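Participant: Sharing a structure, written as structure tokens. Questions coming.
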Amino acid sequence: MSRYRTTGCFLLLAAIWGTAFMATDVGLADLPPVPFAAARFDIASVLLFTALAVTGSLERPQTRDDYVYVLAGGTLMIGIHHVFLFTGQQYVTGAVAAVLLGLVPVVTPALTKLASSDDTFTANTGVGVVLGFTGVVVIANPDPANILSSTIGIALVFASALAFAIPAVVTHDTSPSMSFLATQAWLMAIGAVVLHVTVLVLPGQSFADASWTPSAFAALLYLAVVAGIGGFLLYFRLLDQLGPIEMSFIEYVIPLFAALAGWLVLGQQVTLATVSGFVCILLGFMAAKWTALRAELRRVVEPKTSPPAD
Numbered sequence: 441m442s443r444y445r446t447t448g449c450f451l452l453l454a455a456i457w458g459t460a461f462m463a464t465d466v467g468l469a470d471l472p473p474v475p476f477a478a479a480r481f482d483i484a485s486v487l488l489f490t491a492l493a494v495t496g497s498l499e500r501p502q503t504r505d506d507y508v509y510v511l512a513g514g515t516l517m518i519g520i521h522h523v524f525l526f527t528g529q530q531y532v533t534g535a536v537a538a539v540l541l542g543l544v545p546v547v548t549p550a551l552t553k554l555a556s557s558d559d560t561f562t563a564n565t566g567v568g569v570v571l572g573f574t575g576v577v578v579i580a581n582p583d584p585a586n587i588l589s590s591t592i593g594i595a596l597v598f599a600s601a602l603a604f605a606i607p608a609v610v611t612h613d614t615s616p617s618m619s620f621l622a623t624q625a626w627l628m629a630i631g632a633v634v635l636h637v638t639v640l641v642l643p644g645q646s647f648a649d650a651s652w653t654p655s656a657f658a659a660l661l662y663l664a665v666v667a668g669i670g671g672f673l674l675y676f677r678l679l680d681q682l683g684p685i686e687m688s689f690i691e692y693v694i695p696l697f698a699a700l701a702g703w704l705v706l707g708q709q710v711t712l713a714t715v716s717g718f719v720c721i722l723l724g725f726m727a728a729k730w731t732a733l734r735a736e737l738r739r740v741v742e743p744k745t746s747p748p749a750d
């Protein structure tokens, strides 16, 4: 894949996942958050398992690493992450939620360094975490008129960022034996089960309270098929091309598309506090990853020199 095509795919993925926040806002107008998230992953997992069955590629977990990966990822990254995210977006806009999820690349290396004996918690990591949390405080900037709801929304989306980051630590040393598609299918199926259990135990979260309007259906299909299956397939293809450092920058492009989609379609405004918090989180990421970023920049910028001729 050429560099221009890779860049185009990177921006396309950022646009898909950025507009997913707007689609979530649209769906939440008619659907309770947890049933909405459960239905999304019901559709995605059924489609993936169907594709695997049709192509004769259906697999089930076999090794310990398979089970650790799909159980941790499905429970936390798919299930609990989306419970907090969709519920939090009842109180904050998609643009704010997208910015807060920019904490994932800041929190993940910090948690990994704390949990892994091979990594040390450096001063750069500490500065990155402090700047990231400063960004959260700046974004919160609670309005006295609705201080409770805005604080709840920020806390829920922040919790969703942690739920997304923790599986990266838990699965740090695992190597699943299944194919990527099979792994994703099991992740989404387990996440869907967690979400359905949550529907049963949380008050006020019932499919009976859903209003299945055309806009709700459209949002659900977009999130399940385009942002879910299509987005993850594109993400992992790009990950092979760019590597984890460059790919993590997508978390800082997604909010731009989320804000643009929310403004164009829903008339949502982006506040100065949101922009300032975004800058703090971006600086926090750069601080936490400074050594790796500097090495990556040298690799990209420095011209490749050929050995002198004899």
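In this note's numbering, the protein residues as written are 441 to 750. Every residue gets a Cβ at the ideal spot worked out from N, C-alpha and C, and that includes glycine. Note that this is a predicted model, so its numbers are computed, not measured.
1. Using CA coordinates, which residue listed in A463, A632, A493 and S485 is at the minimum distance from V474?
2. Out of curiosity, what's the CA-to-CA distance linking L682 and A537?
3. Measuring CB atoms only, is the segment 695-705 touching the segment 641-652, in the sense that at least three cross pairs come out at less than 8 Å?
4. Are the CB atoms of L621 and L453 nearer to each other than 8 Å?
5. Using the rule of at least 16 other Cβ atoms within 10 Å of the residue's Cβ for burial, across every protein chain shown, is Q502 buried or exposed?
6. To the nearest angstrom, how far is it from the Cα of M462 to the Cα of L487?
7. Would you check if the distance between the CB atom of V666 and the CB atom of I456 is smaller than 8 Å?
8. Going by C-alpha to C-alpha distance, which of T447, C449, G458 and P472 sits closest to P643?
9. Could you round the C-beta distance between L627 and V510 to whole angstroms and report it? I think they count as a contact, below 8 Å.
10. Would you decide whether D613 is buried or exposed? Buried here means 16 or more other CB atoms lie within 10 Å of its CB.
11. Taking all protein chains shown into account, do 16 or more other C-beta atoms lie within 10 angstroms of the C-beta of D482, making it buried, or fewer, making it exposed?
12. For S557 and T611, what's the separation of their Cα atoms in angstroms?
13. Quick one: Cα of Q645 to Cα of G467, how far?
14. Could you check whether V597 and F697 sit closer than 8 Å to each other, using their CB atoms as the reference points?
15. Near A498, what residues of its chain come up, given a Cβ to Cβ distance below 8 Å and the 5 sequence neighbours on each side ignored?
16. In angstroms, rounded to a whole number, what distance separates the CA positions of V494 and F672?
17. Relative to the alpha-carbon of A601, which residue among L541, A658, L663 and L712 has its alpha-carbon at the smallest distance?
18. Just to confirm before moving on: does the CB-CB distance between Q532 and G593 stay below 8 Å?
19. Roughly how many angstroms separate the alpha carbons of V639 and A478, rounded to a whole number?
20. Which runs of the beta strand (DSSP E) fall wholly inside the segment 449-489 and span at least 3 residues, in chain order?
21. Where does D649 fall in DSSP's three states?
22. Using 8 Å as the threshold, is the C-beta distance between V578 and G724 below it?
23. Beta carbon of T464, beta carbon of Q529: below 8 Å?
24. Is Y692 helix, strand or coil when you go by DSSP?
25. Restricting to Cα atoms, I'd like to know which of A603, T527, R734 and V570 is closest to G513.
26. From C720 to D506, what does the alpha carbon distance come to, in whole angstroms?
Facilitator: Looking at the coordinates:
1. The count along the sequence shown starts at 1 and reaches residue 474 at position 34. By alpha-carbon distance to V474, the top candidate from A463, A632, A493 and S485 is A632.
2. Position 242 of the sequence shown holds residue 682. Position 97 of the sequence shown holds residue 537. Pairing L682 with A537, the inter-Cα distance amounts to about 25 Å.
3. They do not touch, by the three-pair rule.
4. Residue mapping note: residue 621 aligns to position 181 of the sequence shown, counting from 1. Residue mapping note: residue 453 aligns to position 13 of the sequence shown, counting from 1. Against a cut-off of 8 Å, the Cβ pair of L453 and L621 comes out as no contact.
5. By 1-based counting over the sequence shown, the position of residue 502 is 62. By the 16-neighbour rule on beta-carbons within 10 angstroms, Q502 is exposed.
6. The sequence position of residue 462 within the sequence shown is 22, counting from 1. The sequence position of residue 487 within the sequence shown is 47, counting from 1. Roughly 23 Å between the two C-alpha positions.
7. The residue you call residue 666 lines up with position 226 of the sequence shown. The residue you call residue 456 lines up with position 16 of the sequence shown. Yes.
8. Within the sequence shown, residue 643 is the residue found at index 203, counting from 1. Nearest option by C-alpha distance: P472.
9. Mapped onto the sequence shown, residue 627 falls at position 187. Mapped onto the sequence shown, residue 510 falls at position 70. Rounded, the Cβ-Cβ distance is 6 Å, consistent with contact.
10. Along the sequence shown, one-based indexing puts residue 613 at 173. So D613 counts as exposed.
11. Working through the sequence shown from its first residue, we reach residue 482 at position 42. Buried, by the Cβ-count rule.
12. Walking along the sequence shown from the start, residue 557 turns up at place 117. Walking along the sequence shown from the start, residue 611 turns up at place 171. For S557, the pLDDT reaches just 49, beneath the cut-off of 50, and the residue's location in the model is therefore unreliable, although a value from the coordinates is still provided. Distance from the CA atom of S557 to the CA atom of T611, rounded to whole angstroms, is 14 Å.
13. The count along the sequence shown starts at 1 and reaches residue 645 at position 205. The count along the sequence shown starts at 1 and reaches residue 467 at position 27. Roughly 14 Å separates the two Cα atoms.
14. Position 257 of the sequence shown holds residue 697. Position 157 of the sequence shown holds residue 597. With contacts defined as CB atoms closer than 8 Å, F697 and V597 fail to qualify as a contacting pair.
15. On the sequence shown, position 58 is the one that residue 498 refers to. In the sequence under discussion, the amino acid at residue 498 is Leu, which differs from the Ala named in the question. Same-chain partners within the cutoff: F489, L492 and A622.
16. Within the sequence shown, numbered from 1, the residue matching residue 494 stands at position 54. Within the sequence shown, numbered from 1, the residue matching residue 672 stands at position 232. Between the alpha carbons of V494 and F672 lies a distance of about 20 Å.
17. Reading the sequence shown from its first residue, position 161 is the one you call residue 601. The option with the nearest alpha carbon to A601 is L541.
18. Indexing the sequence shown from 1 puts residue 532 at position 92. Indexing the sequence shown from 1 puts residue 593 at position 153. Contrary to the premise, residue 532 reads as Val rather than Gln in this sequence. G593 is positioned such that its CB atom lies closer than 8 Å to that of V532.
19. Taking the sequence shown and counting its residues from 1, the one referred to as residue 639 is at position 199. Taking the sequence shown and counting its residues from 1, the one referred to as residue 478 is at position 38. So the alpha carbons of these two residues sit roughly 8 Å apart.
20. Whole beta strand (DSSP E) segments, 3+ residues: zero.
21. On the sequence shown, position 209 is the one that residue 649 refers to. If DSSP states are grouped into helix, strand and coil, D649 belongs with the helices.
22. Residue 578 sits at position 138 when you count from the first residue of the sequence shown. Residue 724 sits at position 284 when you count from the first residue of the sequence shown. The beta carbons of V578 and G724 sit no closer together than 8 Å.
23. Sequence index remark: in the sequence shown, residue 464 carries index 24 (1-based). Sequence index remark: in the sequence shown, residue 529 carries index 89 (1-based). In terms of Cβ geometry, T464 and Q529 form a close pair [threshold 8 Å].
24. Working through the sequence shown from its first residue, we reach residue 692 at position 252. Here Y692 sits in helix by DSSP.
25. Translated into the one-based positions of the sequence shown, residue 513 becomes position 73. Among A603, T527, R734 and V570, the Cα nearest to that of G513 is on A603.
26. Counting from 1 along the sequence shown, the entry for residue 720 is found at position 280. Counting from 1 along the sequence shown, the entry for residue 506 is found at position 66. Separation of C720 and D506 (C-alpha to C-alpha, rounded to the nearest whole angstrom) is 37 Å.
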